[in-house]
Amino acid sequence: MKQRDKKDQSEASPQHGGPEAQRPSVPCVSSVPPTTDGFIPPHGGYQNLLSYQKAQIVFDATVYFCARFLSRKDRTYDQMVQAARSGKQNIVEGSQVSGTSKELELKLTNVARASLEELLEDYRDFLRTRGLAEWTPDHPYALRLRRLNRTPGANYDTFKKGIEHPDPAICTNVILGLVKVTNYLLDQQIRSLEKAFVEQGGLREAMTRARLAHRASQRQGPR
1 MKQRDKKDQS EASPQHGGPE AQRPSVPCVS SVPPTTDGFI PPHGGYQNLL
51 SYQKAQIVFD ATVYFCARFL SRKDRTYDQM VQAARSGKQN IVEGSQVSGT
101 SKELELKLTN VARASLEELL EDYRDFLRTR GLAEWTPDHP YALRLRRLNR
151 TPGANYDTFK KGIEHPDPAI CTNVILGLVK VTNYLLDQQI RSLEKAFVEQ
201 GGLREAMTRA RLAHRASQRQ GPR
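In structure tokens, the structure reads:
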């Protein structure tokens, strides 16, 4: 019995190719290949969404901004951080739920857009109440920011010099510009989701199509 127990333990050990060694590692969402079987469409992969990438920068920048300029006792501190977080997290949730509910995906993406619009107004309030000007679209720094936004794989470090600039006007306008870009991307995303829903329907329609296709294949029988 002891020899058998040792053999069983040896076979189950990772270095001997047991169940632990054979268990595949779980890939991250962005690396999961699209699933073509069944009626649930591919979903997730939010890391690949440009809107999510920009929203993540906006969140990190807002955390920095609030810690630098606002008191923790100020209600605006929590409101701005929560608005930035809501913008980011609702993109994540909408992407993940898209496989089973296009309607909910659209609603959550709209929530993200609304949260970032609230955040945009907070940054404008900061500028206005301190007598600082918002950059016009043709401002040299705004044009520079626009070029930076076209950088492939841009992240917080891409904009760090502007976000953490000693001049509050520059710092605020850089983050304000990033929020505007994120909102533009979400507007495009929402229009795309609306069009896809009109043309393809949601899960209920996909289930119906899958069921009808299955019945048709059964009637035809094996060839």
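Just so we're aligned: 107 in our numbering is position 107 of the sequence shown, and the numbers increase by one with no gaps anywhere.
Each residue gets a CB set at the ideal place from its N, CA and C atoms; glycine is no exception.
Alpha-carbon to alpha-carbon, residue j and residue i
i	j	result
Ala196	Thr129	42 angstroms
Gln82	Gln220	56 angstroms
Gln96	Tyr46	8 angstroms
Val26	Ile190	With a pLDDT of 31 at Val26, under the threshold of 50, the modelled position of this residue cannot be trusted; read the value that follows with caution. Val26 and Ile190: Cα-Cα distance of roughly 30 angstroms.
Glu103	Thr151	32 angstroms
Phe69	Asn149	25 angstroms
Ile170	Gly162	6 angstroms
Glu134	Leu127	7 angstroms
Arg113	Leu50	14 angstroms
Phe39	Leu193	Here the model assigns Phe39 a pLDDT of 47, short of 50, so the residue's position is not dependable and the matter cannot be decided.
Tyr52	Asp122	20 angstroms
Ile87	Ile175	Correcting the residue identity first, residue 87 is Gly in this sequence and not Ile. Straight-line Cα distance between these residues: approximately 14 angstroms.
Phe159	Tyr141	12 angstroms
Ile57	Leu106	22 angstroms
Pro137	Val181	12 angstroms
Asp78	Val111	18 angstroms
Leu186	Ser71	30 angstroms
Ser101	Tyr64	35 angstroms
Pro166	Asn48	32 angstroms
Thr62	Met80	7 angstroms
Arg147	Asp157	15 angstroms
Glu164	Val92	27 angstroms
Asp60	Arg75	19 angstroms
His139	Asn155	23 angstroms
Lys73	Leu143	36 angstroms
First and last residue of the uninterrupted alpha helix (DSSP H) at residue i
i	result
Lys160	156-163
Tyr52	50-69
Nearest-angstrom Cβ-Cβ length linking residue i and residue j, presumed shorter than 8 angstroms
i	j	result
Leu108	Gly94	3 angstroms
Leu120	Ala84	About 11 angstroms; that fails the 8 angstroms criterion.
Pro168	Leu132	7 angstroms
Residue i, buried or exposed, once every other Cβ within 10 Å from all chains shown has been counted against 16
i	result
Lys54	buried
Asp125	exposed
Tyr184	exposed
Gln188	exposed
Gly177	buried
Asn173	buried
Ala67	exposed
Asn90	buried
*asked:* Going residue by residue through the stretch 96-151, where are the continuous alpha helix (DSSP H) segments of at least 4 residues, counting only ones entirely within it?
replied: 102-129, 140-149
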